[in-house]
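S.K.: Chains as they are written, first to last, in the working numbering: chain A, 445 to 768; chain B, 445 to 768.
Number of protein chains: 2
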Amino acid sequence: MENEHHRITSAEVARACGVSRATVSYVLNNDPRQHISPETREKVLEAARLLNYQPFAPARVLRSGYSQLALAVLPFEQVDPLIAGTLKRLQDALSEQGYSLIWHVGLHDLASQVHPSANLAPAVIVSYVDEDNPEANAFIRQFNVPIFPMISPKAREAVGEIQGGYLYERGFRRLVFASPERDDLQSLSEARLEGVRRVCAARKLAPPQVAVIPGTREGAREAVAALLAQAPPPFGLCCYNDEVAIAAMAALADAGVPVPTAVSVIGCDDIPLAQFSIPSLTTVTFSNSYPMDQLAENIIAASQGEPAGEVPPTSLSIVVRASA
Amino acid sequence: MENEHHRITSAEVARACGVSRATVSYVLNNDPRQHISPETREKVLEAARLLNYQPFAPARVLRSGYSQLALAVLPFEQVDPLIAGTLKRLQDALSEQGYSLIWHVGLHDLASQVHPSANLAPAVIVSYVDEDNPEANAFIRQFNVPIFPMISPKAREAVGEIQGGYLYERGFRRLVFASPERDDLQSLSEARLEGVRRVCAARKLAPPQVAVIPGTREGAREAVAALLAQAPPPFGLCCYNDEVAIAAMAALADAGVPVPTAVSVIGCDDIPLAQFSIPSLTTVTFSNSYPMDQLAENIIAASQGEPAGEVPPTSLSIVVRASA
DNA sequence: CTGAAAGCGCTTACAG
DNA sequence: CTGAAAGCGCTTACAG
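Quick look at the structure:
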């Protein structure tokens, strides 16, 4: 490492303007307990600017004992728009309190890899990890900091319940659940299916059939053909999410089955493209009505060692469009 | 902060098994220059496990002088699947070298907020920031570490060129560019439009008209109606990306314009839903053929102070489906 | 109002 | 093979 980067330290700033390192720290951190003369303050700021001084985070964190860093752990490989939107609003709220929010996306072999905690000391984990995923839970626990869960087990099943309930109201007496193929979604998919099962049980319907919809047009076509052979329309199709729903609708179109008359389709998430399917997609949406400032406060409280707060309540609603 | 979290230190591990802190460090880091007896090694590992010892990253980074942490900065608020996929593969390659990859998504007021570098010391920035975005560039420069750019200016315009060239080949002599509304995409959109302009200039066609496609079905319908009034079919529609393309196709369907005959539509990204539009979407895809191991090596080299490496070459190709 | 000094938890020459 | 000691860059009581 010959061209090692020379790090500018607060000592150099202090030397440059003829004060002590303590004074530099007081000025740069705006320490309210210290009264610094305007001239000194100006001198320090000027010197820091000239030298392009950036405090070295690890030293600050080591000495002060805490970092104002929240790490969001997303166990999925793709980031759906809803989560991205929530995290963006959360980030805004956190940054008003001086906290930063970064993301760790995807989950990796715990055993074979270096754990990020070797390089990174968040004060709190904001977790989208399922309760029933032991690997993922071990991963986040290894940070050894409070964990703030962002998904409530109840909401997971509630999606299936509201989908099934809506289609029942629309007159369907047979329900089918369309699930994705991706491994990282199976756990959540199973929870939503469980919600649909409950609707069927409560309404004395036959339990829902399950169709796995592959991610290719050809694959989806075959899966839907197989489904139609087993379960002739009419039926209501509760889909794991909007992507699965749009794939299923394309396959239904390929099979000549009219939506929403023969089969009604309902998705989940209300992704931007949901309005642009043909027909446009009826879907379940999470309105996380929890005020973000409040959420940020709870997360910060968790980061300071209070027991991990409440899961933010989500309220579900249905966006009615043309597909159901 | 009454319930302050007690941090287990290497000194406690050392005390627990009756060795020095140095030995603990040697064992835990598998220092190849030290020969530790198997019994001692076992004792240390056992004690560390029992105490659930996690080394404190800031101390390690401060002392050793480097962190094995790459921070990907994505200036968008949504993360498109292509970037997520690339970063996932990159993360796998980096983690084989002991590096971790985390994401910073979205850009925030530089002035008003605490910069993440106060809490976080990446060794390198992996940047999706445009060259011509001064705010974003200031943001990433403030980390004061090498920056590894992930987008090449050439590839940005090449998308428009390949779209326009393809539609020209298919016989279209009038080209239209469909751009998104979102602010954070304008810069890239303009670059792709520039590529289409070049095709028109080279082929002696009139310059492309531009239609801004809103994110709502109604808005898209109106925008497309306005476009059709100005530019009656046939024409070729080069779209900023697949989402815009699918929105435009829905609006064309609403207007009764047949695709691909009257208007041919081509997108960009090959998102999972591209195969499920009606008709299925022809689109440009980036095959980042760069071997990820190589890319990871370049990034690590950049993190060690070598001048930021080459932009990974991307090759563009067209996935031909039904829309063009 | 300012400065000298301690110490956060770790790694790593160095001495034995 | 193991341990005592230095020092990374910062913040923060404490003394003046």
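All residues carry an ideal CB built from backbone N, CA and C; glycine is no exception.
Is the beta carbon of S405 (chain A) less than 8 Å from the beta carbon of P499 (chain A)?
M.R.: Not covered by the structure: residue 405 (chain A). The range shown for chain A is 445 to 768.
S.K.: Could you tell me whether any Cβ in chain A is nearer than 8 Å to the Cβ of N588 (chain B)?
M.R.: Counting from 1 along the second sequence, the entry for residue 588 (chain B) is found at position 144. N588 (chain B) counts as touching chain A.
S.K.: If we define contact as Cβ-Cβ less than 8 Å, is I743 (chain A) a contact residue for chain B?
M.R.: Position 299 of the first sequence, counted from the start, is the residue given in the question as residue 743 (chain A). Not one chain B Cβ lies under 8 Å of I743 (chain A).
S.K.: Consult DSSP for P593 (chain B) and reduce its assignment to one of helix, strand or coil.
M.R.: Residue mapping note: residue 593 (chain B) aligns to position 149 of the second sequence, counting from 1. Here P593 (chain B) sits in strand by DSSP.
S.K.: Tell me which residue opens and which closes the beta strand (DSSP E) that Q653 (chain B) is part of.
M.R.: As a working note, residue 653 (chain B) is residue 209 in the second sequence. That run of the beta strand (DSSP E) goes Q653 to I657.
S.K.: Return the Cβ separation of R765 (chain B) and L725 (chain B) in integer angstroms, given the expectation that the two are a contact with Cβ distance under 8 Å.
M.R.: Residue mapping note: residue 765 (chain B) aligns to position 321 of the second sequence, counting from 1. Residue mapping note: residue 725 (chain B) aligns to position 281 of the second sequence, counting from 1. Sure, about 6 Å apart at Cβ, within 8 Å.
S.K.: What's the call for N732 (chain A), buried or exposed, on a 16-neighbour Cβ count within 10 Å?
M.R.: Translated into positions along the first sequence, residue 732 (chain A) becomes position 288. Counting Cβ neighbours within 10 Å, N732 (chain A) comes out buried, since at least 16 surround it.
S.K.: Excluding the 5 residues flanking F679 (chain B) on each side, which residues of the same chain have their C-beta closer than 7 Å to its C-beta?
M.R.: In the second sequence, the residue the question calls residue 679 (chain B) occupies position 235. Excluding residues within five positions, the ones whose Cβ falls inside 7 Å are F616, R618, L619, V620 and V707.
S.K.: Give the secondary structure of V568 (chain B) by DSSP, where H, G and I count as helix, E and B as strand, and everything else as coil.
M.R.: Numbered from 1 along the second sequence, position 124 holds the residue referred to as residue 568 (chain B). V568 (chain B): strand per DSSP, three-state reduction.
S.K.: Give the residues from the stretch 719 to 751 of chain A that approach chain B closer than 8 Å (Cβ to any Cβ), ordered along the chain.
M.R.: The residues in question are Q719, F720, S721, I722, S724, Q748, G749 and E750.
S.K.: Verify the contact flag: F616 (chain B), CB atom, against every heavy atom of the ligand GDP, threshold strictly below 7 Å.
M.R.: In the structure on display, the ligand GDP does not appear, and there are no ligands present to speak of.
S.K.: In whole angstroms, give me the CA-to-CA distance for T727 (chain B) and R600 (chain B).
M.R.: Indexing the second sequence from 1 puts residue 727 (chain B) at position 283. Indexing the second sequence from 1 puts residue 600 (chain B) at position 156. Approximately 15 Å between the Cα atoms of the pair.
S.K.: For L495 (chain B), decide whether its Cβ has a neighbour in chain A, counting only Cβ atoms nearer than 8 Å.
M.R.: Looking up residue 495 (chain B) in the second sequence gives position 51. Chain A contact via Cβ: absent.
S.K.: Can R504 (chain B) and A567 (chain A) be called in contact, C-beta distance under 8 Å?
M.R.: Along the second sequence, one-based indexing puts residue 504 (chain B) at 60. Along the first sequence, one-based indexing puts residue 567 (chain A) at 123. No; because the gap between Cβ atoms is not below 8 Å, this pair is not in contact.
S.K.: Once you ignore the five residues that flank V603 (chain B) on each side, which residues in its own chain have a CB closer than 7 Å to its CB?
M.R.: Locating residue 603 (chain B) in the second sequence gives position 159, counting from the first residue. If we look at V603 (chain B) and ignore the five residues flanking it on each side, its Cβ neighbours are R636, G639, C712, V728 and L760.
S.K.: In the structure shown, what three-state DSSP assignment does P560 (chain A) receive?
M.R.: For the purposes of this step, residue 560 (chain A) is taken as residue 116 along the first sequence, with counting starting at 1. Reduced to three states, the DSSP call for P560 (chain A) is helix.
S.K.: Pick out the complete beta strand (DSSP E) segments inside the stretch 605 to 676 of chain B, 3 residues or longer, and give them in chain order.
M.R.: Those beta strand (DSSP E) runs which fall completely within the stretch 605 to 676 of chain B and span 3+ residues are 619 to 624 and 653 to 657.
S.K.: Of all Cβ atoms in chain B, is any one closer than 8 Å to the Cβ of Q630 (chain A)?
M.R.: Mapped onto the first sequence, residue 630 (chain A) falls at position 186. No, its Cβ sits nowhere closer than 8 Å to a Cβ of chain B.
S.K.: Check whether chain A comes within 8 Å of N577 (chain B), counting only Cβ atoms and requiring the distance to be less than that.
M.R.: By one-based count along the second sequence, residue 577 (chain B) stands at place 133. So, not an interface residue.
S.K.: Can you round the beta-carbon distance between V709 (chain B) and A689 (chain B) to whole angstroms, since I take them to be within the 8 Å contact cut?
M.R.: Counting from 1 along the second sequence, the entry for residue 709 (chain B) is found at position 265. Counting from 1 along the second sequence, the entry for residue 689 (chain B) is found at position 245. That belief holds up - the Cβ atoms of V709 (chain B) and A689 (chain B) are roughly 5 Å apart, short of 8 Å.
S.K.: Using a Cβ-Cβ distance cut-off of 8 Å, determine whether L671 (chain B) contacts chain A.
M.R.: The residue given as residue 671 (chain B) occupies position 227 in the second sequence. Not an interface residue.
S.K.: Using a Cβ-Cβ cut-off of 8 Å, state whether K532 (chain B) counts as contacting chain A.
M.R.: Here residue 532 (chain B) corresponds to residue number 88 of the second sequence, with the count starting at 1. At least one chain A Cβ lies under 8 Å of K532 (chain B).
S.K.: Is the distance from the Cβ of L526 (chain A) to the Cβ of Q535 (chain A) below 8 Å?
M.R.: Numbered from its first residue, the first sequence carries residue 526 (chain A) at position 82. Numbered from its first residue, the first sequence carries residue 535 (chain A) at position 91. Cβ distance not < 8 Å, so L526 (chain A) and Q535 (chain A) don't count as in contact.
S.K.: Spatial neighbours of G749 (chain B) within its chain, please: CB distance less than 8 Å, with the 5 preceding and 5 following residues excluded, ordered by chain position.
M.R.: Mapped onto the second sequence, residue 749 (chain B) falls at position 305. Taken in chain order, the residues that qualify are P590.
S.K.: Assuming N581 (chain B) and V570 (chain B) are in contact, meaning their beta carbons sit under 8 Å apart, how far apart are those beta carbons, in whole angstroms?
M.R.: As a working note, residue 581 (chain B) is residue 137 in the second sequence. As a working note, residue 570 (chain B) is residue 126 in the second sequence. At roughly 14 Å, the Cβ-Cβ gap does not stay under 8 Å, so N581 (chain B) and V570 (chain B) are not in contact.
S.K.: Ends of the beta strand (DSSP E) at I743 (chain A)?
M.R.: In the first sequence, residue 743 (chain A) corresponds to position 299, counting from 1. Not the beta strand (DSSP E): I743 (chain A) falls in the alpha helix (DSSP H), residues M736 to S747.
S.K.: Would you kindly work out how many angstroms separate the C-alpha atoms of S769 (chain A) and S508 (chain B), rounded to a whole number?
M.R.: Residue 769 (chain A) lies beyond the stretch modelled for chain A, which goes from 445 to 768, so this question has no answer here.
S.K.: Let me confirm a value: N685 (chain B) is counted as buried when at least 16 other C-beta atoms fall within 10 Å, else exposed. Which label applies?
M.R.: As a first step, residue 685 (chain B) is located in the second sequence; it is residue number 241 there, counting from the start. It is buried - the Cβ of N685 (chain B) has at least 16 other Cβ atoms within 10 Å.
S.K.: Which bits of chain A does L506 (chain B) rub up against, with CB to CB less than 8 Å?
M.R.: Locating residue 506 (chain B) in the second sequence gives position 62, counting from the first residue. Those within 8 Å of L506 (chain B) in chain A are F500, P502, A503 and L506.
S.K.: Considering Cα atoms alone, identify which of A:D475, A:K598, A:L564 and A:G550 is closest to D628 (chain A).
M.R.: Mapped onto the first sequence, residue 628 (chain A) falls at position 184. When only C-alpha atoms are compared, the closest one is A:G550.
S.K.: Would you verify that the beta carbon of R465 (chain B) is, or is not, closer than 8 Å to some beta carbon of chain A?
M.R.: As a first step, residue 465 (chain B) must be located in the second sequence, where it is residue number 21. It does not; no Cβ of chain A falls within 8 Å.
S.K.: DSSP three-state call for M445 (chain B): helix, strand or coil?
M.R.: Here residue 445 (chain B) corresponds to residue number 1 of the second sequence, with the count starting at 1. Because the pLDDT of M445 (chain B) is 35, which lies under 50, any placement of that residue in the model is unreliable, and the number read from its coordinates should be weighed accordingly. Three-state result, M445 (chain B): coil.
S.K.: Tell me which same chain residues have a C-beta within less than 8 Å of the C-beta of I762 (chain B), skipping the five on either side of it?
M.R.: Looking up residue 762 (chain B) in the second sequence gives position 318. Excluding positions up to five away in sequence, the list reads I606, Y610, I710, T726, T727, V728 and T729.
S.K.: With DSSP run on the structure shown, which of helix, strand or coil describes A516 (chain B)?
M.R.: Within the second sequence, the letter at position 72 stands for residue 516 (chain B). A516 (chain B): strand per DSSP, three-state reduction.
S.K.: Please return the same chain residues whose Cβ sits closer than 8 Å to the Cβ of R642 (chain B), not counting the five positions on each side in sequence.
M.R.: Counting from one through the second sequence, the residue named residue 642 (chain B) turns up at place 198. Excluding sequence neighbours, R642 (chain B) sits near E601, G604, E605 and G608.
S.K.: Taking CB distances under 8 Å as the criterion, tell me whether P560 (chain B) reaches chain A.
M.R.: As a working note, residue 560 (chain B) is residue 116 in the second sequence. It does; some Cβ of chain A falls within 8 Å.
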